[in-house]
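Single-structure report; data block below.
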Amino acid sequence: MSSLAWLTGMHVLNIEVMLAICALVLLLADIIMPHGDKKVLGWVAAAELLLCLVATFVLDLQGSALSEAYFGDPMAVFFKRLFLVSGLVAILGSMEHIAQIAPRRQGEYYMLLLFSITGMCLLAGARNLVLLLVAFEFMSIPLYVMAAYAKTGPEFETTQHRNKPKWTEPAEGAFKLFIIAAVSAGITVYGLSLVYGATGSTDIKMIREASSSPLFSLGLVMLLVGFGFKLGAAPFHMWVPDTYQGAPTPFVSFLSAAPKAAAIAALAQILLGGALTHSSKWTPLLLVVIVGSLLLGNTLALVQSNTKRLLAFSGVAQIGFPLMALVAVTPTGVASGQTEGLAAGLFYLAAYVVANMGLFLVIEVLETAQPHRTFAQQDMNVLSTFAGLGKRAPGLAMAALLFLLSLAGIPFVVGFWAKLYVFLAVWQAGYGWLVVLGAVLSVVGLFYYLRIARAIYMDHEPERTKPLSTPTTISIAIGFCLAATVITGLYPNPLIEAARQAAQAFLLSGG
Amino acid sequence: MNHLLEIIIAAPFVAALVILALPSEQTMNMRIVALLGAGVSLVGSVVVAFQYDMGVGGVQMLNSYPIVPSLGINLTLGVDGWGVSLLLLTGLIIFTGVFASWTLTDRVKEFHVFLLVLVAGVFGVFVSLDLFIFFLFYEIAVLPMYLLIGIWGSSHKVAEAGPFRFVWRMLDIGGKEYAAMKLTLMLLVGSALIIAAMIAMYLEANLTSFDMLRLENVTFSHSLQFWAFPFLWIGFGTLGGVWPFHTWSPDGHASAPTAVSMLHAGVLMKLGAFGVIRVGMMLLPEGAQEWVWLVGGIAAINVIYGALGALWQKDLKYVVAYSSVSHMGLVMLGAATLSVAGWNGAIYQMFAHGLMTGLLFALVGIVYDRADHTRHIPDFGGFGRKMPGVAVFFTIACLSSLGMPGFAGFVAEWLVFLGAWTGQQFWWAMIGIVGAWVTAIYILRVSKNIFWGPGPSDRWKNISDARGQEWFPLWVLGGGLIVFGIWPNLILDFIDLATSTYLPSVTSLAMEVHP
Amino acid sequence: MTLAAYLIVAAAVFCCGLYGVLTRRNAIGMLIGVELMANAGNINLIAFSRFLGQVDGQVFTLFAIALTVAEVVVGLALVLLLYRSRKNIDVVQASEMKG
Amino acid sequence: MSTSLLILLTLFTPVGAALTLGLLPNFRRAGRPAEYLSVAAAFVSLIAATVLFIRQQLVSDATPLLDTHIRWLSHNGKSLVEVGATIDGISAPMLLVVALVAFCVQLYSMGYLAGESGDARGRYFTYQSLFIFAMEAMVVAPNAFQVFMGWELVGMCSYLLIGHYYQKPSAARASLKAFWVTKFADMGLLFGLLVLFTVGGSFGWDSTTVTSLGSSGATAVAALFLLAVVGKSAQFPLHIWLPDAMEGPTPVSALLHAATMVAAGVYLIVRTYPIFAAAPDVLTVMAYLGAFTAFFAACVAMVQTDIKKLLAYSTCSQLGYMVAALGTGSLMGGYFHLSTHACFKALLFLAAGSFIHAVHSNEMENMGGLWAKMKLSAILFIIGSLALAGLPGLSGFFSKEVILEELSHSGHALPFVACMLTAGMTAFYMTKACLLAIFGPPSEGARHAHESPKTMLLPMGILAALSLVAGFGGTMLAQMYGVEYAFHFGTTGIIATALGFAGIGLALFAYLPSRRANNPFGALTSVGSFIRYGAVDRTAAFAYRNGLCKIGAAIGWFDRYVVDGVMNLTGWLPLVAAQRLRRIQTGVVTDYVYGVIVGLIVLIAMGTVFK
Amino acid sequence: MMLEYVAFGIISTAIVGSAIGAVTSRNLVHSVLFLASTLLSTAVLYVHLESALIAGIQVILYTGGVITLMLFGILLTDDTHAVTRQNRSTGHLAGGIGALAMFGFIIASIHQSALPSLPQTFDINAKSIGFAFLTKHLLAFEALSLLLLAALVGAVVLARRSDP
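If you read the sequences in order, they're chains A, B, C, D and E. Taking the numbering used here, the leading residue of the first sequence gets 76, the next gets one more, and so forth. Taking the numbering used here, the leading residue of the second sequence gets 160, the next gets one more, and so forth. Taking the numbering used here, the leading residue of the third sequence gets 339, the next gets one more, and so forth. Taking the numbering used here, the leading residue of the fourth sequence gets 10, the next gets one more, and so forth. Taking the numbering used here, the leading residue of the fifth sequence gets 17, the next gets one more, and so forth.
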């Protein structure tokens with residue numbers, strides 16, 4: 076250890092390092108720049124993310140670093156690209172909004188976003204419990220801040236005379252997120268301590284050899300809960316709708332996509348990378364969570380009148396599918412080379428991320444056109460925002476429709492393939508009933524997705540609306556999501572192959 | 160390499176894209192583009208019929224493009240005798256359907272886009288030889304219906320009654336959105352069952368392939384066949400109007416605009432029945448044999464139940480919709496016989512009923528359009544004097560519907576009855592024949608109530624006959640009914656060719672009825 | 339002393355924290371509960387580290403403490419924000435959004 | 010000219026005319042050109058049919074002149090159903106009868122419908138041409154399947170033609186009734202075909218098929234065919250549609266509902282006689298059924314006041330004769346009477362039509378005194394009446410004698426007696442009709458009446474001539490049928506003739522203008538109307554209204570509110586559940602923490618931890 | 017040995033007792049002080065477990081940082097003393113059941129698990145911790161530094177009164 080041998084392999088951290096530097100650059104730029112038009116920082120952040128995204132294709136990111144605490148494999152790269160893409164979309168979608176509600180705090184917003192993505196990227200490759208925990212928190216803490224990123228100030232005084240202050244949602248939503256997150260973090264740390272106690276190591280791969288004592292199993296359950304909250308899986312989902320409702324919509328598009336994917340990555344690390352040998356311990360529990368998510372998410376979404384809440388519950392239901400995919404990875408299956416489960420999960424996440432983000436950005440455009448936009452989103456994102464969109468903006472309407480169809484799993488958009496792929500893997504693992512349940516409940520899901528479609532095409536346009544204008548940045552973001560949704564829907568093979576390679580590398584070579 | 164099938168499927172898609180690109184005020188151009196797209200498909204279908212080598216038979220024009228090689232999903236297209244006839248049907252219906260929606264003025268662009276996407280899906284189903292792609296096209300065909308009905312449809316009142324009247328408080332029963340939603344959800348629950356069966360088959364076959372031609376040669380385990388067949392039957396059958404999962408059909412058809420009803424009853428319902436035969440029965444022959452008693456029994460119920468149900472209806476479209484339920488029962492009945500005659504009859508009934516119901520809905524559309532958007536039959540009367548042409552074509556459709564020789568419907572019904580009679584289930588045939596008689600009662604009564612009798616009263620003094628392009632679907636579909644009724648072998652030869660190759664592998668029950 | 343004894347103490351602290359989180363109406367009161375829960379994890383880690391004779395547990399604890407602090411910092415900032423708009427930090431009253 | 014070409018001409022000139030008219034609406038609506046086309050087609054058809062008849066007649070043995078068919082439906086690469094034409098001793102005469110009567114009626118129609126719009130006339134002639142084709146196709150059918158197709162098509166034409174005055178509610182109703190009743194009966198034919206094909210192995214009536222049918226198979230097929238015959242040939246109890254069918258134009262009644270279409274049932278039996286011959290039980294039923302219908306319908310005819318209804322019941326009655334004759338096994342009796350009946354009944358209808366055309370009423374009371382105005386028509390009507398009444402020497406006499414003779418030998422006493430009585434009653438009501446309509450007191454309508462135009466008189470003349478002489482063609486027909494026939498005027502004939510004269514005398518006694526005041530048969534009217542309207546019709550109407558429609562309503566309701574209700578309920582349940590369930594989202598973060606903790610506890614409590 | 021038991025008894029009683037105090041006290045300030053007491057007692061327990069370095073950090077970071085922050089928080093949110101300082105609780109029964117159920121499960125798990133006994137040698141000192149920090153956990157360490165920066169910036173962003 077006298078030499079710098081431990082520094083070899085650090086190239087796998089290129090992306091994280093680049094991201095951290097980019098964030099710091101933003102911070103500096105923010106400090107240096109005068110209080111003027113800080114919108115340019117958004118462009119800078121977007122350019123930085125784009126650079127990182129390109130770097131994932133250019134740089135060599137395979138290998139391990141720091142005594143295998145960090146591992147760069149195709150799956151990590153897959154996730155990194157996913158995070159970077161969602162970050163890019165989120166930044167493009169946020170620029171107008173943030174410039175409007177917090178002109179002075181734009182730099183911090185982008186910096187926090189970049190930090191969060193850095194955390195996620197670390198998470199994707201973390202093979203050590205300590206690193207995993209730190210990365211998870213690194214991802215989470217900026218999110219609490221961003222969730223509360225709404226304007227307070229002048230509005231506060233002007234609305235003082237009202238009986239009930241209406242602009243508290245950001246704080247309230249963010250606070251709810253924070254409390255649940257903190258409790259979950261407590262549970263996670265406790266669970267990690269138990270797992271550490273049973274394995275005697277913080278290496279995830281050592282979990283495989285751990286004897287499965289009750290204390291160890293308890294630790295696993297607690298980890299499941301701790302990460303399950305971030306997934307928004309039932310019954311740890313209850314913060315989701317409130318936070319979505321209160322937070323800035325472009326941020327919600329990010330929150331609803333990337334952190335969920337990251338949490339799946341974390342669960343995959345622990346459950347598949349580590350505790351696969353103990354699958355009899357966690358599989359039944361995960362099944363309960365899956366069934367609960369599908370049932371609760373789909374049911375509760377049926378009666379929501381606020382689109383963001385509706386999509387929040389739909390997200391609760393959606394996350395059941397990648398979890399299913401995790402269940403579909405069985406020790407015997409892996410032993411015989413079956414990695415379709417994880418591949419399907421990865422593919423599903425990618426499909427979900429683009430469609431969900433695109434849809435939230437459409438909502439953002441619509442909110443902007445509301446007659447009385449305050450910055451607290453109260454009473455604005457009800458379904459009626461979509462009313463008559465088919466006539467007001469046919470292109471946007473078509474985009475929204477395709478996103479909805481993708482979420483519902485209808486061809487020829489990518490969601491169809493994703494759902495079918497997951498079902499295929501789940502059936503292969505022997506959970507036929509889960510496939511039937513999932514398929515039938517996605518029909519329930521279709522009910523509320525089609526409610527939005529109905530509002531778009533069948534309901535009449537509300538009277539007092541500002542003309543609809545889609546800022547260029549959001550157009551680019553939506554266009555990207557749409558292109559990804561449709562092109563991958565028409566020819567899914569490249570993405571499926573990428574997911575398969577990632578899954579194979581992760582499951583078959585790691586051991 | 161022959162790329163006709165690709166062209167047939169792609170033409171509507173391309174037309175849809177072109178329409179998307181057109182500025183929204185160029186409605187006439189959109190119609191023309193839609194017509195061109197549909198026309199290319201129709202001409203393609205006709206050319207396919209001519210190019211299909213009857214001497215060789217089997218699947219022809221086979222092309223395969225890998226989509227997801229690692230999962231064995233390929234875009235495999237090929238056409239057999241059934242495909243030839245059903246392509247032709249689809250081509251005819253969509254081509255005339257575009258004409259039938261010529262007068263539509265609300266959001267022309269979206270209408271044609273959705274319509275064409277739907278049709279591309281239908282074409283795709285009929286020529287897909289890859290199970291996954293088959294299902295993909297199936298879904299593509301089902302979903303645009305929601306928007307087509309929901310946007311361009313019409314609502315009506317349904318009296319609040321029955322043991323479940325409390326649901327009226329929460330559901331807008333009779334509304335077009337309700338009808339569209341019910342249709343979509345019921346059909347997609349069916350899809351959920353199809354997915355399950357499809358995946359199970361794929362995995363058990365363990366070929367890493369969805370190729371139906373290969374899956375046909377797989378002998379699936381008995382337990383899989385036993386449970387998966389009902390899944391496929393109900394899954395596809397929901398679209399095929401299998402009782403008691405047919406209730407989307409009356410509301411859906413009643414709410415849909417003319418061209419959509421034409422397409423839906425004319426072609427889309429056939430997808431369901433086609434799926435049951437092509438996927439359910441041909442891939443799971445043992446399961447089919449285990450379950451045909453129920454399939455046929457339910458189909459017989461469909462026939463008589465649909466006909467009797469139609470007797471009660473006062474709404475013109477409901478009558479036609481129930482008649483579709485009844486006639487689709489005949490298709491399933493033919494399928495359940497597992498006999499050459501029965502299958503020939505089933506496919507021929509798809510073809511004949513497609514033309515017939517397409518014609519009926521086109522006519523109903525015209526009546527509805529002229530009569531101030533009323534479909535209440537008792538309000539009508541004596542229209543024959545003002546719209547003789549419509550009356551004549553309506554009569555043609557009615558006669559075909561009740562199985563009059565010389566019209567296409569007769570051939571199909573006769574073959575189905577013969578199949579049922581020889582299939583040791585003669586009571587199916589009896590119910591079917593009685594159903595045909597009840598059809599004569601309700602359908603001619605409707606015709607009488609609308610077109611015959613004194614009148615029309617002053618309320619309808621401005622009604623007029625079909626005009627301009629409206630004649631086109633009437634002539635084509637009505638003419639088709641007669642031509643294929645007089646000379647059924649034009650189509651039946653194709654169908655028979657496929658049936659006689661497919662059936663022996665499906666069942667040992669295939670009876671040689673000819674001495 | 340056996341390891342079990344330490345673990346039981348930690349469990350007791352964890353459950354006290356849990357009780358606090360579940361019953362407090364004051365946002366800072368809830369935070370106190372959360373702190374206790376985190377502390378319980380730390381006790382576990384140290385105890386395991388000691389009994390396994392292994393260093394990672396202590397390192398882990400250091401990280402956990404630091405993370406908790408970071409969380410508290412952000413959490414208190416959020417409580418302040420909540421207070422500013424509501425003029426109180428009663429969590430039962432902060433329920434504008436529901437259903 | 011080759012036989013094939015001739016048969017093509019026979020069949021396809023009418024259908025060609027129909028097709029032309031159907032496809033060229035403007036040409037059709039012109040009226041007059043359409044008529045010419047249609048009549049010309051009928052004429053060509055008649056000529057060709059005549060040539061065919063003569064050629065067949067010249068064939069010494071019973072071999073068919075022509076037997077050709079082509080595949081119509083494929084089955085397993087082979088032929089399932091074939092269509093074609095068979096000209097033999099059975100079909101050739103019928104073909105001629107059909108073509109002849111059809112041509113006469115077509116010609117007549119030109120005059121009869123002259124007052125109607127071009128549109129209506131065009132439609133009428135289209136349907137008529139189509140009918141000629143359908144009927145002829147049925148007649149020359151090489152197998153039972155084609156018989157069925159023709160059978161159904163003539164039913165369709167009947168439906169369309171009865172509904173010619175579709176604006177009249179009664180006509181609309183009548184056409185539906187006719188179609189429904191006959192279609193009901195046709196189910197028997199369809200079932201019969203299924204049995205014939207599955208048991209017998211083909212749609213033919215050749216000896217192989219009959220052999221493989223066996224006794225029970227033949228009985229089943231024959232019984233099922235009989236059901237169809239009962240419907241189509243208006244036998245009791247399915248005769249109810251025929252009187253109503255008189256709502257159609259009179260030429261239609263003459264062609265379809267007197268001469269040809271209603272005789273299709275009889276022709277079916279004749280055509281498939283080998284099968285019936287193998288089913289003696291069915292034959293017995295036929296004998297009784299036919300005789301009862303003959304008697305019953307004659308009774309009802311006696312009390313009619315509407316001339317067309319009278320003739321309609323008379324048709325029923327005469328068809329009963331034919332069925333009874335066939336029931337005794339006499340092919341000659343049934344078929345010969347069919348041919349002669351076609352001539353004189355068509356004549357009667359056309360003559361009656363001539364009256365109706367003149368006075369615009371169907372009631373005989375409104376026709377009184379037409380003798381003065383339209384002598385020619387009246388004479389023709391009387392000729393027809395006498396032929397029907399069986400005046401010796403006229404055609405009806407010969408054919409009826411054959412039937413009665415056969416019945417007397419058959420051993421079915423009751424049918425024989427019934428038919429004998431019917432002979433007298435027939436003479437009675439026909440005389441009554443002549444007396445009332447022609448010689449009755451001058452009515453308002455008759456005052457403005459004119460003799461019909463030549464286009465109407467000419468066909469009537471042709472038919473009258475045939476009615477007079479057709480009886481002498483028996484030998485020739487018998488030779489063509491391949492049966493023995495020698496006319497001899499025996500006891501049966503004498504009694505029957507005597508009964509006929511008695512009937513005429515009774516009618517003269519009752520209805521001579523001078524005696525009208527005290528009609529001794531007035532009481533019969535009420536009995537007749539009870540029979541007519543009280544029993545069968547009412548039962549059928551009741552079954553329709555309270556049976557079928559009620560079942561339909563019940564099923565419709567059940568479907569809408571129970572089956573669909575369950576579907577709606579399925580949609581409703583999740584919505585209600587969601588409304589209840591959303592209350593758990595209280596908005597209080599503590600409760601959300603509870604969610605996490607309860608989830609944790611549940612997962613631990615599942616017990617995998619402790620295993 | 018006896019002494020160790022006594023020491024452990026005292027320490028654990030202090031920890032659990034003050035923890036209970038922290039969650040039941042009716043005064044928020046008292047709660048915070050009870051929390052401080054718990055954390056300090058825990059630090060003593062760490063010393064007892066021969067982890068002095070951690071104990072030190074526990075005192076500095078937790079007691080020095082967290083408690084101070086919380087007190088600041090109380091002060092800042094303290095408009096009307098009577099309301100805010102009141103540390104009300106609700107749902108004692110449900111909370112108690114939840115906490116006790118968790119406790120029961122954890123105890124049951126501890127009871128059923130085979131646990132290692134105290135090793136004879138224990139040579140973990142500040143150096144070995146430092147070494148672990150800078151080798152295996154270097155990445156986590158670096159990430160933590162960035163995380164703290166993010167938290168700091170975040171707190172500032174949130175706490176800044178508003179945008180102009």
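Positions of the beta carbon are idealized from the N, C-alpha and C atoms, including for glycine. Bear in mind that the values here come from a model prediction, so they are computed numbers and not experimental data.
What residues in its chain sit with their C-beta under 6 Å from that of residue i, if we drop five residues either side in the sequence?
i               : result
A339 of chain B : Y305, I308, G309
Verify whether the separation of the beta carbon atoms of residue i and residue j is less than 8 Å.
i               : j               : result
A227 of chain D : V219 of chain D : yes
G564 of chain A : F478 of chain A : no
A567 of chain B : A657 of chain B : no
V264 of chain A : F396 of chain A : no
Compare the C-alpha of residue i against each of the options and name the closest.
i               : options                        : result
S419 of chain D : D:A243, D:L251, D:Y297         : D:Y297
G488 of chain B : B:S659, B:E449, B:K429         : B:K429
A153 of chain D : D:S88, D:S138, D:Q176, D:F212  : D:F212
Y523 of chain A : A:M473, A:T407, A:N373, A:L509 : A:N373
A144 of chain A : A:S191, A:E415, A:F211, A:A201 : A:A201
L156 of chain B : B:V451, B:G434, B:A494         : With chain B represented from 160 up to 674, any question about residue 156 of chain B goes unanswered, as that position is not in the structure.
Taking 7 Å as the limit between beta carbons, can you name the residues of its chain near residue i, skipping five residues before and five after?
i               : result
M170 of chain A : K114, G117, T548
K7 of chain D   : Residue 7 of chain D cannot be examined here, being either before or after the span of chain D that is shown, 10 to 620.
**Message:** So if I threshold CB-CB distances at 7 Å, which residues from the segment 273-288 of chain A count as touching chain C?
**Reply:** G275, S276, T277
**Message:** To be precise: take each residue of the segment 308-326 of chain A, compare its Cβ to all Cβ atoms of chain D, and keep it if any distance is under 8 Å. Which residues remain?
**Reply:** Hits within the stretch, in order: A309, P310, F311, H312, M313, W314, P316, D317.
**Asked** Could you give the uninterrupted runs of the beta strand (DSSP E) lying entirely in the segment 467-523 of chain B, keeping only those of 3 residues or more?
**Response** none
**Item:** In chain order, each alpha helix (DSSP H) run of at least 4 residues that lies wholly inside the segment 351-414 of chain B
**Value:** If only uninterrupted alpha helix (DSSP H) runs of at least 4 residues are considered, those enclosed by the segment 351-414 of chain B are 371-374, 381-398, 407-414.
**Asked** Given a limit of 9 Å on CB to CB distance, which residues of the segment 72-97 of chain D reach chain B?
**Response** R80, W81, L82, S83, H84, N85, G86, K87, S88, L89, V90
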